[in-house]
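Participant: According to this note's numbering, the sequence shown is numbered sequentially starting from 1.
Heads up, the beta-carbon is just placed ideally off N, CA and C, and yes, glycines get one too.
Since the structure is predicted, the reported quantities are computational estimates derived from the model, not experimental observations.
Supplied in structure tokens, the structure appears directly below.
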Amino acid sequence: MAEERFITLAIHTYNRAIALRKVLESHGIEVRFEKLNIGGAAIASGIRVKIEEHDLPLALKLMESGEAIPAAKVELRMEGTKGNILIPVDFSSYSVVACKAGFALARQLMLHPVLLYAYATPYFTGSLGYADTFAEELAPSMDNELVGLEMSVDIRKESDRRMRKFRQTIKEMQKNGELPEISFSTSISEGVAEDVIKEYCRLTPPALVVMATRGKDKRDEQLIGSVAAEVIDSCRVPVYVLPENYNFTTVSDVKKVAYFCNLDQQDILSVDTLMRTFDYPEVEVVLIPVNDRAGNSLKEKVDLLKDYFNKSYPAAHFTSEVFPLKELGKDFENYAAQTHIDLLIVPNKKQNIFRRLFNPGIAHKLLFDRDLPLLALPV
1 MAEERFITLA
11 IHTYNRAIAL
21 RKVLESHGIE
31 VRFEKLNIGG
41 AAIASGIRVK
51 IEEHDLPLAL
61 KLMESGEAIP
71 AAKVELRMEG
81 TKGNILIPVD
91 FSSYSVVACK
101 AGFALARQLM
111 LHPVLLYAYA
121 TPYFTGSLGY
131 ADTFAEELAP
141 SMDNELVGLE
151 MSVDIRKESD
161 RRMRKFRQTI
171 KEMQKNGELP
181 EISFSTSISE
191 GVAEDVIKEY
201 CRLTPPALVV
211 MATRGKDKRD
221 EQLIGSVAAE
231 VIDSCRVPVY
241 VLPENYNFTT
251 VSDVKKVAYF
261 CNLDQQDILS
271 VDTLMRTFDY
281 PEVEVVLIPV
291 NDRAGNSLKE
301 KVDLLKDYFN
311 KSYPAAHFTS
321 EVFPLKELGK
331 DFENYAAQTH
341 IDLLIVPNKK
351 QNIFRRLFNP
361 GIAHKLLFDR
371 DLPLLALPV
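As structure tokens, then:
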């Protein structure tokens with residue numbers, strides 16, 4: 001009798017792999033670990049969590065309450081995320097663009113779309129007591145509070161009306177075949193849009209946030225104030241951003257991807273999750289290193305990483321391009337103009353407000369420099 005084949009369930013850091021093994025072994029599933037080593041690249045290794053092939057259905061049921069879903073979703077669950085895909089909307093034309101992409105991704109990844117709208121009122125009562133004011137004349141009058149309350153109620157009613165109308169638009173698009181016919185939810189919250197989105201992601205982390213943003217020609221003067229940029233910089237969940245003029249059709253139309261890599265362990269984990277989430281797509285992935293500490297060995301390290309990915313994911317094709325880091329923005333713009341890039345993928349590190357203002361991350365810069373879809377992965 002042939003020995004049972006062991007397959008990869010997930011790739012994790014050591015601590016997360018140990019936690020997953022405890023869950024699986026408590027249900028009688030044999031688990032093996034396999035280190036990820038890229039010889040000579042000086043890249044920290046991850047851990048492959050492998051199980052026997054016949055145990056895969058049970059392993060998935062343990063992590064997903066009985067749903068038969070792709071193995072990549074196990075990793076999302078281990079991160080504490082929910083089976084939702086969050087789509088912030090403002091009822092504009094580019095909200096429809098976000099819904100087209102979000103619903104297509106939701107169907108492929110078996111996630112539940114949640115449409116979120118944030119509305120701001122001119123008065124926020126109860127947030128500052130009289131004793132906290134700096135001058136007596138700053139204390140709000142009762143009349144002003146009543147006016148503010150009435151306006152808040154009216155704005156809430158108008159927001160509900162607009163959401164009902166937008167929901168009907170989405171349902172009509174589903175009937176016409178423009179959107180997948182899957183169930184979805186809506187949510188309305190009071191507050192500044194980026195704060196509402198960040199709070200939702202903090203309290204109920206979705207698997208993915210899908211947003212649309214204005215085209216480059218309309219956002220040159222609002223670099224810091226963009227909602228999408230604030231969400232990318234602050235949220236610790238993957239964020240997929242599309243320009244309003246992007247014609248999204250299906251996920252399978254993504255044929256060439258530019259992946260900006262740090263040449264560290266996160267590249268291995270992120271690429272593995274992406275490849276298995278999308279069922280080993282036949283796609284070309286261009287690895288572009290942005291690690292300013294690699295020095296003269298930059299080309300050697302990215303080539304080793306490229307060779308590893310080509311062996312691990314034979315359906316995809318990995319190539320590499322190395323640009324001088326000081327000229328990365330300009331050189332990549334020229335490169336992207338000469339080749340057909342469908343998607344930008346960037347690992348995005350959380351930064352404090354001063355670094356965001358004076359030294360924006362590469363995800364933030366690319367969002368405003370190119371009219372291309374961008375997937376920001378928190379690291």
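Please say whether residue 163 and residue 428 have beta carbons closer to each other than 8 Å?
Facilitator: Outside the displayed range of the chain (1 to 379) lies residue 428, so it cannot be described from this structure.
Participant: What distance in whole Å lies between the Cβ atoms of residue 261 and residue 179, which are believed to be in contact at a cut-off of 8 Å?
Facilitator: Residue 179 to residue 261, Cβ: 34 Å. No contact.
Participant: Do you know whose CA, among 252, 259, 250 and 198, lies nearest residue 235's CA?
Facilitator: Of the candidates 252, 259, 250 and 198, the one whose C-alpha sits nearest the C-alpha of residue 235 is 198.
Participant: For residue 200, which residues from the same chain have a beta carbon less than 8 Å from its beta carbon, with the 5 sequence-adjacent residues on both sides left out?
Facilitator: Correct list, in chain order: 86, 116, 187, 189 and 206.
Participant: Using a 10 Å radius around the Cβ and a threshold of 16 neighbouring Cβ atoms, would you call residue 388 buried or exposed?
Facilitator: Residue coverage of the chain in this structure runs from 1 to 379, which leaves residue 388 outside it and unanswerable.
Participant: What first and last residue would you give for the alpha helix (DSSP H) that runs through residue 101?
Facilitator: Its alpha helix (DSSP H) spans residues 93–109.
Participant: Could you check which residue in 315, 347 and 290 has the C-alpha nearest to that of residue 332?
Facilitator: For residue 332, the nearest C-alpha among the options comes from 290.
Participant: Please return the same chain residues whose Cβ sits closer than 7 Å to the Cβ of residue 167, not counting the five positions on each side in sequence.
Facilitator: Once the five neighbours on either side are set aside, the close Cβ partners of residue 167 are 186.
Participant: Which residues mark the beginning and the end of the alpha helix (DSSP H) in which residue 234 is found?
Facilitator: Start and end: 227–234.
Participant: Please classify residue 172: is it buried, with 16 or more other beta-carbons within 10 angstroms of its beta-carbon, or exposed?
Facilitator: Exposed.
Participant: Counting only the same chain and skipping the five closest in sequence on each side, list residues whose C-beta sits under 6 Å from that of residue 343.
Facilitator: So the qualifying residues of the chain are 254, 257 and 373.
Participant: When DSSP builds the beta bridges, which residues end up paired with residue 189?
Facilitator: 118, per the DSSP bridge assignment.
Participant: Tell me whether residue 332 sits in a helix, a strand or coil according to DSSP, three-state version.
Facilitator: Helix, per DSSP.
Participant: Compute the beta-carbon to beta-carbon distance between residue 286 and residue 320, rounded to the nearest angstrom, for a pair I have assumed lies under 8 Å.
Facilitator: Correct: roughly 7 Å between the Cβ atoms.
Participant: My output table needs one value for residue 18: the three-state DSSP class, helix, strand or coil.
Facilitator: Correct three-state label for residue 18: helix.
Participant: So, with DSSP's three-state summary, where would you put residue 312?
Facilitator: Of the three classes helix, strand and coil, the one that applies to residue 312 here is helix, per DSSP.
Participant: Assuming residue 301 and residue 263 make a contact with CB atoms under 8 Å, what is their CB distance in whole Å?
Facilitator: Between residue 263 and residue 301 the Cβ distance is about 5 Å, and since that is below 8 Å, they are a contact.
Participant: Check whether the Cβ atoms of residue 28 and residue 265 lie closer than 8 Å to each other.
Facilitator: Cβ atoms of residue 28 and residue 265: not closer than 8 Å.
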